[in-house]
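Notes for the one structure printed next.
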Amino acid sequence: MDWSPLIISLKTGIAVTVLSFFIGVWTAWKIYGTNGKIKCFIDSLLTLPMVIPPTAAGFILLLVFSTRRPVGSFLLDNFGIKVIQSLLGCIVAAFVISFPLMYRNARAAFEQVDKELIYAARTLGMSESKILIRVVMPAAAHGLISGSVLTFARAMGEYGATSMLAGNISGKTATISQKIAMVVQDGDYSAAGFWVVVVILSAFVIIMTMNILLSKFIRR
Amino acid sequence: MSVDIRIKKDLGKFKLNIEYRGESRRIGILGASGSGKSLTLMSIAGIEAPDEGYVNIDGRVLFDSRSNINITAQKRKTGYMFQSLALFNNMSVEKNIRAGIKENADEKAIKIMADFGLSELADRSPLQLSQGQRQRTALARIIASEPEVILLDEPFSSLDRYMRNEMQASLINTLKDFKGTVITVSHSFDEIYALSDELIVIDKGNVCAFGKTEDIFSTPPNRISAVLTGCENIAKAQYRDNKVYVSDWDIEFDSDNKNIDHIAVRAVSLMLEDNGNSICFDVIEPEIKKGPFDSTIFFKPSERAVRKMCFKLSSKVHLNNIPNKIYIDKKDIIMLK
Numbered sequence: 017m018d019w020s021p022l023i024i025s026l027k028t029g030i031a032v033t034v035l036s037f038f039i040g041v042w043t044a045w046k047i048y049g050t051n052g053k054i055k056c057f058i059d060s061l062l063t064l065p066m067v068i069p070p071t072a073a074g075f076i077l078l079l080v081f082s083t084r085r086p087v088g089s090f091l092l093d094n095f096g097i098k099v100i101q102s103l104l105g106c107i108v109a110a111f112v113i114s115f116p117l118m119y120r121n122a123r124a125a126f127e128q129v130d131k132e133l134i135y136a137a138r139t140l141g142m143s144e145s146k147i148l149i150r151v152v153m154p155a156a157a158h159g160l161i162s163g164s165v166l167t168f169a170r171a172m173g174e175y176g177a178t179s180m181l182a183g184n185i186s187g188k189t190a191t192i193s194q195k196i197a198m199v200v201q202d203g204d205y206s207a208a209g210f211w212v213v214v215v216i217l218s219a220f221v222i223i224m225t226m227n228i229l230l231s232k233f234i235r236r
Numbered sequence: 025m026s027v028d029i030r031i032k033k034d035l036g037k038f039k040l041n042i043e044y045r046g047e048s049r050r051i052g053i054l055g056a057s058g059s060g061k062s063l064t065l066m067s068i069a070g071i072e073a074p075d076e077g078y079v080n081i082d083g084r085v086l087f088d089s090r091s092n093i094n095i096t097a098q099k100r101k102t103g104y105m106f107q108s109l110a111l112f113n114n115m116s117v118e119k120n121i122r123a124g125i126k127e128n129a130d131e132k133a134i135k136i137m138a139d140f141g142l143s144e145l146a147d148r149s150p151l152q153l154s155q156g157q158r159q160r161t162a163l164a165r166i167i168a169s170e171p172e173v174i175l176l177d178e179p180f181s182s183l184d185r186y187m188r189n190e191m192q193a194s195l196i197n198t199l200k201d202f203k204g205t206v207i208t209v210s211h212s213f214d215e216i217y218a219l220s221d222e223l224i225v226i227d228k229g230n231v232c233a234f235g236k237t238e239d240i241f242s243t244p245p246n247r248i249s250a251v252l253t254g255c256e257n258i259a260k261a262q263y264r265d266n267k268v269y270v271s272d273w274d275i276e277f278d279s280d281n282k283n284i285d286h287i288a289v290r291a292v293s294l295m296l297e298d299n300g301n302s303i304c305f306d307v308i309e310p311e312i313k314k315g316p317f318d319s320t321i322f323f324k325p326s327e328r329a330v331r332k333m334c335f336k337l338s339s340k341v342h343l344n345n346i347p348n349k350i351y352i353d354k355k356d357i358i359m360l361k
């Protein structure tokens with residue numbers, strides 16, 4: 017039995033969730049502190065990947081990271097990093113698509129935090145990073161948890177952009193969602209059913225665990 | 025100079041323009057809601073940046089738009105007590121207090137909790153405290169951060185009357201040992217009276233009166249100050265031929281004060297007997313609002329009055345015995361510009 021689609025999906029989901037959590041929280045905090053047009057512009061830009069079709073996002077990523085193009089060949093030649101047709105490609109594609117969910121949830125949660133808590137922390141002399149970690153994040157815990165869960169769910173299920181950027185290479189980049197598409201195309205409905213059950217169960221267990229762990233971690 | 029503040033901020037529909045210099049270390053800012061009191065306090069604390077101005081407290085320049093000085097809120101050493109208290113509910117009482125302590129946190133936190141009677145509550149969440157305990161925690165947290173200025177934003181508005189008196193007394197006691205400047209903003213005149221030596225009255229973003237708190241309460245210079253300092257009876261008045269005519273009450277009395285557009289009379293200044301220097305009002309169509317300790321009597325001071333006046337009667341006086349005349353000493357009539 018080849019469990020590689022599950023492993024690849026889990027690796028992608030976990031890596032994307034961790035990355036999105038830290039980058040999303042940081043970006044949302046920075047954007048929260050700015051006003052006016054810049055805020056509006058960056059906010060729209062960061063939300064864009066959620067709105068355009070994943071295949072379109074995948075196509076853009078493919079153009080950027082193709083080893084025949086400047087960025088892709090630069091990464092390969094100088095750092096030996098190959099994004100296309102690799103696990104890294106799965107992660108990059110799923111990150112681009114699911115990051116907006118984390119970012120938007122974090123920002124919305126920050127907007128809900130009583131501003132006076134932040135002001136009070138400032139007048140008490142707490143540094144901005146301390147305020148973020150010890151005051152704002154705990155107060156925004158619910159939004160951050162739901163952002164993380166949604167990000168993980170989206171990353172686990174990503175198909176369009178991943179198939180464009182990472183391809184569907186068995187044992188290397190074939191995630192569960194790609195595997196299901198592939199076996200259905202081959203007419204193997206029982207294999208498709210099996211992977212559907214696997215993805216439902218694993219997603220359920222992970223989301224449950226995340227709910228429990230994150231609420232403990234953030235409220236600490 | 026203890027305090028030198030010039031703050032200008034344009035928020036479109038609302039423009040704040042506050043200017044004040046004073047020597048006192050206990051300053052009150054009295055204003056109706058939306059008058060710009062909190063915005064003033066936030067500008068002093070560095071939470072809001074004025075468009076232009078200058079903030080100097082006890083010789084420390086915190087903001088100066090001309091020299092591009094804008095000390096961050098973290099470094100201004102201002103302890104800000106918010107109306108909501110802004111306690112961190114995810115932290116215990118002790119952690120809240122430690123949040124603003126830079127060094128020797130263990131030692132200082134223990135001492136301050138003992139001073140404020142919070143030692144027993146150290147591990148509780150602010151959500152598990154009574155309103156009075158929350159207030160004490162907020163104040164302890166501020167004192168622990170060793171501020172040089174304390175800013176109190178409507179400090180007692182969330183408390184019931186009983187707690188308010190108790191907390192006011194305890195706050196005054198705590199602040200007695202505080203050497204720095206304390207600025208209190210409130211719309212409640214008794215709160216401001218208890219906590220300030222000098223008073224700034226603001227209206228729609230502008231200073232409309234300032235001076236010694238007692239002076240502003242005894243002779244408010246204008247209508248807004250009279251209203252905000254709790255004057256119950258205010259009426260339009262005008263000067264003509266060595267007399268002041270009060271159209272709302274249809275009365276007139278001798279006066280040479282030409283510069284007048286309202287008069288004010290405090291309900292407590294009204295007397296049941298003539299003292300030889302008083303003006304007499306008839307008590308016509310009296311209406312009684314009963315209270316537990318005193319009752320307020322609303323009445324027309326003349327047949328053609330279009331606005332009622334009021335005075336207070338101790339509940340010990342039987343309400344069947346409402347007098348039909350009432351007097352005010354001429355010196356207790358407040359002339360407003």
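Chain order of the listed sequences is L and C.
Number 236 marks the last residue of the first sequence (this note's numbering); no jumps.
Number 361 marks the last residue of the second sequence (this note's numbering); no jumps.
All C-beta atoms in this analysis are idealised placements derived from N, C-alpha and C, irrespective of residue type, glycine included.
Asked: With a threshold of 7 Å on Cβ separation, who are the neighbours of residue 337 of chain C within its own chain once the five nearest residues in sequence on each side are excluded?; Found: 318, 319, 321
Asked: For residue 97 of chain C, which option in C:120, C:174, C:237 has the closest C-alpha, if you only look at C-alpha atoms?; Found: C:174
Asked: Return the CA-CA distance between residue 78 of chain C and residue 89 of chain C, expressed in angstroms with no decimal places.; Found: 7 Å
Asked: Go ahead and pull the three-state DSSP assignment for residue 362 of chain C.; Found: Nothing can be reported for residue 362 of chain C: it is not among the residues displayed for chain C, which extend from 25 to 361.
Asked: Which residues bound the beta strand (DSSP E) around residue 288 of chain C?; Found: 286–289
Asked: Can a CB atom of chain L be found closer than 8 Å to the CB of residue 108 of chain C?; Found: yes
Asked: Check the DSSP bridge columns for residue 222 of chain C and list the partner residues they point to.; Found: C:51, C:236
Asked: Is it buried or exposed, residue 205 of chain L, if we count other Cβ atoms within 10 angstroms and call 16 or more buried?; Found: exposed
Asked: Return helix, strand or coil for residue 24 of chain L, following the three-state DSSP convention.; Found: helix
Asked: Looking only at its own chain, which residues have a Cβ that is under 7 Å from the Cβ of residue 283 of chain C, when we skip the five neighbours before and after it?; Found: 361
Asked: Determine which residues share a DSSP beta bridge with residue 230 of chain C and list them.; Found: C:41, C:227
Asked: At a Cβ threshold of 8 Å, is residue 95 of chain C touching chain L?; Found: no
Asked: Quick one: what does DSSP say residue 109 of chain C is sitting in, helix, strand or coil?; Found: coil
Asked: With burial defined as no fewer than 16 other Cβ atoms inside 10 Å of the residue's Cβ, what is the status of residue 177 of chain C: buried or exposed?; Found: buried
Asked: So which residues of chain B does residue 155 of chain C contact, with C-beta pairs closer than 9 Å?; Found: Considering every chain present, this structure includes no chain B. Its protein chains are L and C.
Asked: Rounded to the nearest angstrom, what separates residue 67 of chain L and residue 61 of chain L at their Cα positions?; Found: 10 Å
Asked: Quick one, which residues of the region 117–142 of chain L are near chain C if we go by CB-CB under 8 Å, in chain order?; Found: 130, 132, 133, 135, 136, 137, 138, 139, 140, 141, 142
Asked: Quick one, which residues of the region 68–82 of chain C are near chain L if we go by CB-CB under 7 Å, in chain order?; Found: 69, 71
Asked: Comparing C-alpha positions only, which one of C:99, C:83, C:131 sits nearest to residue 140 of chain L?; Found: C:99
Asked: Just how far apart, CA to CA, sit residue 39 of chain C and residue 45 of chain C?; Found: 20 Å
Asked: For residue 64 of chain L and residue 190 of chain C, what's the separation of their Cα atoms in angstroms?; Found: 56 Å
Asked: Can you tell me whether residue 26 of chain C is helix, strand or coil according to DSSP?; Found: coil
Asked: Residues in its own chain within less than 7 Å of residue 212 of chain L by CB, not counting five upstream and five downstream?; Found: 196
Asked: In or out: residue 201 of chain C buried (at least 16 other Cβ within 10 Å) or exposed?; Found: exposed
Asked: For residue 186 of chain L, count neighbouring Cβ atoms within 10 angstroms of its own Cβ and tell me buried if that reaches 16, exposed if not.; Found: exposed
Asked: Using the C-alpha atoms, what's the distance from residue 327 of chain C back to residue 285 of chain C?; Found: 22 Å
Asked: Against residue 155 of chain L, what residues of chain C qualify as contacts under a CB-to-CB distance less than 9 Å, listed in chain order?; Found: 112, 113, 114
Asked: Under 6 Å Cβ to Cβ from residue 34 of chain C, same chain only, skipping five residues before and after it: list those, please.; Found: 75
Asked: Give the secondary structure of residue 143 of chain L by DSSP, where H, G and I count as helix, E and B as strand, and everything else as coil.; Found: coil
Asked: At the level of alpha carbons, what is the spacing between residue 294 of chain C and residue 55 of chain C?; Found: 26 Å
Asked: For residue 84 of chain C, go through chain L and note every residue whose CB falls closer than 7 Å to its CB, in chain order.; Found: None at all; the shortest Cβ gap to chain L is about 15 Å.
Asked: Name the chain C residues that come within less than 9 Å of residue 151 of chain L, Cβ to Cβ?; Found: 112, 114, 115, 123
Asked: Residues of chain L with CB closer than 7 Å to the CB of residue 169 of chain C, please, in chain order.; Found: 140, 141
Asked: Residue 237 of chain C CB to nearest chain L CB: under 8 Å?; Found: no
Asked: Please tell me whether residue 269 of chain C has its Cβ less than 8 Å away from any Cβ of chain L.; Found: no
Asked: Where does the unbroken alpha helix (DSSP H) through residue 172 of chain L begin, and where does it stop?; Found: 157–173
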